[in-house]
Structures are given as structure tokens and as C-alpha cells.
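Position in the sequence shown (from 1) plus 1 gives the number in the working numbering. Ideal Cβ placement from N, Cα and C applies to all residues, glycine included. Everything numeric in this text was worked out from a predicted model, so none of it was measured. Heads up, the thing below is written out as C-alpha cells.
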Amino acid sequence: MESNFIVDLHCHPSMKPFARSFAKTPGLQSRNPRHKHSIWFHDAPSLFDKIKNYIATLTNFVQSDGTSLKRGRVAVVCLSFYPQEKQFFKNKLGKELISDVLTMLATEFGKERIDHIQDLKSYWEDLKLEMKFLKQESGNKINIDGQKVCYLISNSYADIEIAERNNELGESKIIFIPTIEGGHVFDQVMNPGESWNTYPDGVSKKELKRLVKRVKELRREENGLIRPVFITLAHHFWNGLCGHSQSLGGLVKCIVDQDNGMNKGLTEAGKRAIRAMLEKETDKNGHFVPPIYVDIKHMSRKSRLDFFDFLKEFDDQNIPIIVSHGGVTGLSEPGGTNQTPAAQQGLFMTDDINFYDDELIKIGNSNGLFGIQLDERRIGSKVVLREARGNIKRRDILYSWSKLVWNQIRHIAETLDLNNQFAWGIQALGTDFDGIIDPINGYWTSQELNKLDDYLLMHTYNYLKEVKEPCPLKQPRNKAISAEQIVERVTTSNALNVLSRIM
């Protein structure tokens with residue numbers, strides 16, 4: 002199967018090239034695709050890179066560069082700006098040589114960028130610099146595989162429609178939709194040692210006032226800023242807005258402390274920020290100012306429940322609930338039951354950074370989106386991962402690892418079906434490529450997404466035709482759909498349907 006193009010709800014094409022610009026001129030992007038500080042710089046994983054990733058889970062190659070996106074037919078990309086949190090680089094090992102070597106190995110940012118982050122005084126200014134970096138080459142055509150190609154930054158759905166109508170998407174143009182990962186970008190908590198309970202509102206009165214001012218400045222695209230279509234309120238560390246889920250494991254967990262504020266709820270500062278993002282607003286000329294929507298990934302379970310409750314304040318706006326990159330637990334709720342056949346097979350990772358069935362139901366009721374993350378640490382249980390690793394032939398690798406993606410799609414469908422909803426309307430792809438993840442084997446970069454829909458089609462066909470096991474869907478409308486339609490929804494149209502409403 003080959004749809005015209007693919008949508009990725011969450012990846013970081015600008016993160017590594019922006020970081021590498023610090024070795025020369027910070028924030029200056031090269032127009033030469035052979036330079037590491039170009040978004041088009043292609044660094045395909047070697048056999049050694051793949052072995053290193055397999056053994057040590059290190060991703061020392063570029064995943065979502067423009068060239069890989071083009072070759073993978075990924076034409077609409079929710080590009081996530083992410084000023085890296087200082088806690089990664091000022092950790093239990095300190096900020097000297099050993100810490101620098103480990104963080105360079107894990108991130109490939111380069112010493113100059115790491116030194117800059119360690120001494121960073123403002124995430125806000127770092128965000129502006131990365132946005133400036135991206136703007137420099139927007140619309141400039143370069144030659145990739147003998148064809149003139151460009152990327153365009155846009156938070157207007159009209160640009161997607163025009164490019165699609167002109168047959169440019171996936172051919173000569175990539176649309177970068179701006180998003181942000183982490184509410185720390187507003188600088189309300191710059192002291193990593195500040196305890197989560199220092200202030201009743203989450204941040205000081207002074208910082209609360211500046212926080213709201215900056216949210217409005219971002220939303221109105223003032224001072225060279227680009228309005229993101231959505232933002233994750235939380236990320237890896239306490240930022241005064243809400244509690245976060247545990248997201249780090251392995252060696253990183255040993256040297257980086259996430260405990261401060263972990264699993265806490267939504268603060269007053271968080272509520273004020275959300276109001277500033279979502280409340281109806283017009284500019285000085287009376288024109289509607291589009292909202293900045295909230296992406297609930299990385300929020301603690303308590304923060305997510307607080308957010309769902311807080312959304313009642315905006316009932317008249319039909320706010321879609323968005324998970325840009327996530328996985329399912331298979332549980333009805335924390336400590337709950339496995340209600341779908343997929344979950345009863347023990348297929349899923351149950352840590353609460355992943356999402357429960359009651360949350361999937363809320364996403365479905367809001368006509369929202371769930372981007373499935375292509376990260377080994379999120380996408381399956383240890384048993385399922387072990388089974389998937391037992392393949393050598395490329396075709397078998399692509400088939401077995403795509404099944405982990407299919408498991409996510411299937412469980413969401415079965416959960417929605419059990420709750421009288423359309424089963425196939427919220428699933429999408431949110432790879433998190435270049436987000437320092439451990440990608441599922443075979444699908445190392447955006448380029449391999451060119452194969453993913455073919456393999457998903459096999460699993461979907463077998464499911465609907467009841468090969469090996471009966472299809473458990475109860476509603477006729479959820480069975481009376483072709484495998485091709487389901488896969489096209491997951492890779493493309495579900496995301497476009499929501500983006501057309503919120504951009």
C-alpha cells in the first residue's frame with residue numbers, strides 16, 4: 002500500500018542541527034545539506050550504529066532530517082521545538098568531563114551546545130533562537146535525489162490544502178507545523194533545585210504574571226515568535242505548571258533525578274497558563290487569535306485527570322484532547338482490568354507515562370488524537386519486545402516490529418468499540434524521532450516509514466478477516482471498513498482531520 006504522504010504528529014527535525022550550529026555560529030543554519038547544521042543533513046545508521054542501539058539503546062544517528070522525511074513520504078510534520086532542560090546536563094555526575102562525555106554520547110549535541118545549556122539563563126531566549134534557526138531556510142529549495150525540495154513553516158491549514166492541491170506534499174514540499182515540548186520554555190522555574198511546594202500557586206506571583214504575558218506573546222506571534230499549534234504542559238522535570246510522569250530509565254535514570262514534583266497535579270499557575278492558551282481572544286484589529294492547544298503527553302496521571310476536569314471551563318469550544326506521542330497501558334485505569342483481548346495478551350508497557358482506557362475514551366469523545374510513539378520503551382511489554390527481537394531477515398524484522406504498532410492501534414479500536422464509539426478515528430503516528438528515543442528495530446528513521454504502512458496493512462487485513470483469531474469488535478460500523486481505509490486513517494487522515502480544525 003502507498004498513500005500519497007504520511008503525517009507525523011511529533012518529531013524533532015531541528016533539534017540536532019540547531020545544537021550542532023553552536024560549533025560554528027549558534028543559531029545559523031547551513032543551506033548545504035552536507036553540513037551537520039543543516040536540517041537536510043542525512044546521517045543514515047550504519048551497521049555499527051544499529052548494533053550500538055541494539056546493545057546500549059544509543060541512537061547515534063539522525064532520524065528526522067529533511068532528507069529522511071522526503072524519502073519516507075512524511076510530508077506533514079508537527080515539528081517540536083524543545084530547549085533541553087538543564088537537569089540533563091547538570092546531573093549527579095556534575096557538569097565536568099564525565100558528565101559531558103555521557104551526555105554527548107546520548108544526544109550527539111556537541112560540547113559547545115552542552116556547555117551553553119549548562120550555563121543557560123533563559124529557555125525562552127533559547128526557544129527564540131531555535132525558531133530563528135528554522136525560519137532561515139523556510140521556502141528555500143535545495144536538491145535532494147535530483148529533485149528541488151523545500152520545507153515551509155506554517156500554522157495555517159490552508160498551506161497544507163494548497164500544497165496538496167498542487168501535488169507538492171510528499172513530492173517537493175514538507176510542511177513543518179510548529180509545536181513545543183515542555184512548558185518550562187516560559188522560564189517560570191529556572192532553579193532546578195526549587196522544591197515543587199515552594200509556592201502555593203506553583204510559581205511566585207512575579208513569575209506567574211510573566212508566565213501569562215509570555216503565553217499571550219507566543220499566541221500572538223510577537224517579537225519574532227511562531228505560534229505553536231499545541232504544547233506539552235509537562236516534560237521531564239518540575240516546571241511549576243503540573244506534575245510529570247516518570248519518563249527516564251536505564252543509565253539516564255541513575256544519573257538524572259526526576260523526583261521533584263513527579264506525579265503531582267495541575268497547579269494554579271498551570272490553570273492560568275491554559276486559560277491564556279485557550280480562552281477566546283481577538284487582537285487589536287478585532288481578528289480572532291487562534292488558541293494554543295494542550296498536548297497531555299508527559300503529564301502525570303493526576304495532572305491529566307485535573308486537566309480533563311478543568312476543560313469543563315471550555316465546554317463551548319469543543320477542545321480536542323491530544324496525545325502527540327504515546328503508548329497504551331492496556332488497563333482500564335490504574336490498578337484496573339484488561340478489558341480488550343489485546344490487553345489480555347499482556348502486550349503493553351503499564352507504566353503511567355502511558356495511557357489508560359478511561360483516557361482513550363475521553364480522547365475519543367473529544368474527537369482528539371493519539372499519536373503512537375515508535376519507542377521500544379513505550380510500545381510493548383518486555384515479553385513482546387523479546388519476541389520481536391528474535392528475527393534476522395529484514396522482512397521479518399519489519400513485520401514483527403510493525404505488529405507492536407498494530408497492537409496499539411488495535412487496543413485503542415477495541416476500547417472505543419466497547420464504549421460505543423467509532424473505533425478508527427483517533428489513532429495516528431507520533432514517532433518522537435530525534436527525541437533521544439530507542440526506536441523500534443527496522444524503523445530507525447523517518448525514511449523507513451515508507452514501509453510501515455505496507456506492514457500495518459498486513460496486520461489490519463488479518464485482523465478484519467479473522468486470521469488466527471476472531472475479530473472482537475461489536476459494532477458493525479467498526480467492522481464494515483476496509484484495511485486500506487484504516488491504515489490510511491492512521492498514517493494520514495485522522496491527523497489531518499484534527500489539524501484542519503485546530504490550525
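Environment of residue i [buried if 16+ CB atoms lie within 10 Å]
i    : result
G327 : buried
P201 : exposed
L14  : A small correction: the amino acid at residue 14 is Pro; Leu does not occupy that position in the sequence shown. Its Cβ being crowded by 16 or more others within 10 Å, P14 is buried.
R273 : buried
F434 : buried
N224 : exposed
I99  : Summary for I99: the model assigns pLDDT 47, below 50, so the residue's position carries little reliability, and this model does not support an answer.
D9   : buried
S123 : exposed
E126 : exposed
P440 : buried
F82  : buried
S401 : buried
E3   : Model confidence at E3 stands at a pLDDT of 48, short of 50, so the residue's coordinates are unreliable; what they give is reported in the following sentence. Classification for E3: exposed.
A344 : buried
N421 : exposed
V384 : exposed
T341 : buried
Beta-carbon contacts of residue i that lie in its chain and below 8 Å, excluding the five residues immediately before and after
i    : result
L170 : N5, F6, A76, V77, I161, A164 and I176
K285 : none
L279 : P292, I293, Y294, V295, F315, Q318 and I320
S301 : A235, C243, G244, H245, S246, M263, N264, K265, G266 and D353
DSSP three-state assignment for residue i, whether helix, strand or coil
i    : result
T416 : helix
N144 : strand
L267 : strand
I181 : strand
T330 : coil
M2   : Interpretation of M2 is limited by its pLDDT of 45, a score under 50 that renders its predicted location unreliable; the figure taken from the coordinates is listed afterwards. Coil.
M350 : coil
Y294 : strand
F434 : coil
D260 : coil
I393 : coil
P473 : coil
H117 : helix
T233 : strand
V102 : In this predicted model, V102 has a pLDDT of only 49, less than 50, meaning its place in the structure is not dependable enough to derive any value.
Q486 : helix
H245 : strand
I176 : strand
S139 : coil
L29  : coil
V424 : A quick correction: the sequence has Ala, not Val, at residue 424. If DSSP states are grouped into helix, strand and coil, A424 belongs with coil.
L170 : strand
I323 : strand
S15  : coil
V204 : coil
V385 : helix
V8   : strand
I154 : strand
P342 : helix
F110 : coil
L457 : helix
Same chain only: Cβ atoms within 6 Å of residue i, ignoring 5 sequence neighbours per side
i    : result
E222 : R228
D307 : G266 and L267
L130 : G28
D188 : S123, Y124 and W125
T432 : D9, C12 and L375
Own chain partners of residue i with C-beta closer than 7 Å, once the 5 adjacent residues on each side are dropped
i    : result
N495 : L370, G426, I427, Q428 and A429
S1   : Residue 1 lies beyond the stretch modelled for the chain, which goes from 2 to 504, so this question has no answer here.
I322 : I297, K363, I364, S367 and G369
K25  : H38
Y456 : L399, Y400 and S403
Presumed contact (8 Å Cβ cut-off) between residue i and residue j, rounded CB distance
i    : j    : result
F110 : G28  : Their Cβ separation, rounded to whole angstroms, is 14 Å, which puts F110 and G28 out of contact at 8 Å.
I398 : N442 : 6 Å
L80  : C12  : 7 Å
N264 : K303 : 6 Å
L209 : E218 : So it is not a contact: roughly 15 Å between Cβ atoms.
T233 : H185 : 10 Å between Cβ atoms; not a contact.
V329 : L361 : 7 Å
CB contact below 8 Å: residue i versus chain B
i    : result
E334 : In the structure shown, chain B cannot be found, because there is only a single protein chain.
When you compare the stretch 35-47 with the stretch 61-76, are there three or more beta-carbon pairs, one atom per stretch, that lie closer than 8 Å?
yes
Is the stretch 458-465 in contact with the stretch 400-411, if contact means three or more CB pairs nearer than 8 Å?
yes
Below 8 Å, how does it come out for the stretch 195-209 and the stretch 132-152: are there three or more Cβ pairs, yes or no?
As far as the Cβ criterion goes, the stretch 195-209 does not touch the stretch 132-152, which means the pair count is below three.
Between the stretch 240-251 and the stretch 334-348, do three or more beta carbon pairs fall short of 8 Å?
no
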